[in-house]
Amino acid sequence: MLVKMARIHARRRGISSSTKPVSKKVPGWVSYKPKEIENLVIKLAKKGMRSSQIGLELRDVYGIPDVRLATKKSIVKILRDNDLYPKIPEDLQNLIRRSIVIRKHLDKNKKDNVSKRGLQLTEAKILRMIKYYRRKNLIPESWKYDPKKAELLIE
Numbered sequence: 000m001l002v003k004m005a006r007i008h009a010r011r012r013g014i015s016s017s018t019k020p021v022s023k024k025v026p027g028w029v030s031y032k033p034k035e036i037e038n039l040v041i042k043l044a045k046k047g048m049r050s051s052q053i054g055l056e057l058r059d060v061y062g063i064p065d066v067r068l069a070t071k072k073s074i075v076k077i078l079r080d081n082d083l084y085p086k087i088p089e090d091l092q093n094l095i096r097r098s099i100v101i102r103k104h105l106d107k108n109k110k111d112n113v114s115k116r117g118l119q120l121t122e123a124k125i126l127r128m129i130k131y132y133r134r135k136n137l138i139p140e141s142w143k144y145d146p147k148k149a150e151l152l153i154e
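Numbering-wise (numbering that gives the first Met the number 0), the sequence shown opens with residue 0 and increments by one.
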């Protein structure tokens with residue numbers, strides 16, 4: 000989803016990054032069984048880590064390159080099955096955090112028009128994402144984004 004949004008606002012091709020291996024099998028050097036991986040995900044979530052942080056931790060510390068290949072479930076699915084996934088999806092939380100930071104910056108620097116434009120773009124992304132999550136029934140229909148109350152939502 001980020002790639003498309005980059006094209007909307009920047010007229011660029013998107014974010015350049017590494018690609019996943021084509022292999023559809025779990026590498027032979029992964030010593031964890033699927034149930035152990037699920038327990039690791041649950042343990043890390045209970046520590047307060049978000050799903051993206053859990054994926055990085057599993058890759059860098061535990062040597063598990065892809066949770067979905069190993070367990071046949073994504074990290075988000077594992078968290079939802081165990082009622083550990085937050086009420087607001089992680090990518091929406093990140094955008095709301097970004098808008099809070101920009102608003103605090105604009106309180107101190109009233110004439111920073113570049114940041115004002117950044118806030119407009121960020122809030123447009125937030126509204127589009129809310130519309131998407133309502134369609135997918137991941138947030139309630141009555142849920143609304145209020146910039147003044149956003150800080151209370153995230154903390």
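Beta carbons: idealized from backbone N, C-alpha and C, even for Gly.
A quick note: this is a predicted structure, and the numbers were derived from the prediction, not measured.
Rounded to a whole number of angstroms, what is the C-alpha to C-alpha distance between residue i and residue j?
| i | j | result |
| --- | --- | --- |
| P146 | R67 | 35 Å |
| L43 | R79 | 14 Å |
| Y84 | S141 | 20 Å |
| I101 | V75 | 28 Å |
| K103 | P139 | 28 Å |
| K148 | N81 | 28 Å |
| Y144 | A123 | 11 Å |
| R134 | L120 | 21 Å |
| L91 | W28 | 35 Å |
| L57 | T70 | 13 Å |
| K115 | E35 | 47 Å |
| L105 | L39 | 41 Å |
| N136 | K23 | 30 Å |
| I99 | P88 | 17 Å |
For residue i, does the three-state DSSP call read helix, strand or coil?
| i | result |
| --- | --- |
| L1 | In this prediction, L1 scores a pLDDT of 45, lower than 50, which makes its location untrustworthy; the coordinate-derived value is nonetheless stated afterwards. Helix. |
| M128 | helix |
| S22 | coil |
| R133 | helix |
| D59 | helix |
| G54 | helix |
| G117 | helix |
| N108 | coil |
| R102 | helix |
| E89 | helix |
Please classify residue i as buried or exposed, where buried requires at least 16 neighbouring CB atoms within 10 angstroms.
| i | result |
| --- | --- |
| V2 | For V2, the predicted structure reports a pLDDT of 45, less than 50, and the residue's modelled location is therefore unreliable. A value from the coordinates is still provided. Exposed, since its Cβ has fewer than 16 Cβ neighbours within 10 Å. |
| V60 | exposed |
| V21 | exposed |
| S50 | buried |
| S30 | exposed |
| V113 | exposed |
| P26 | exposed |
| G47 | exposed |
| G62 | exposed |
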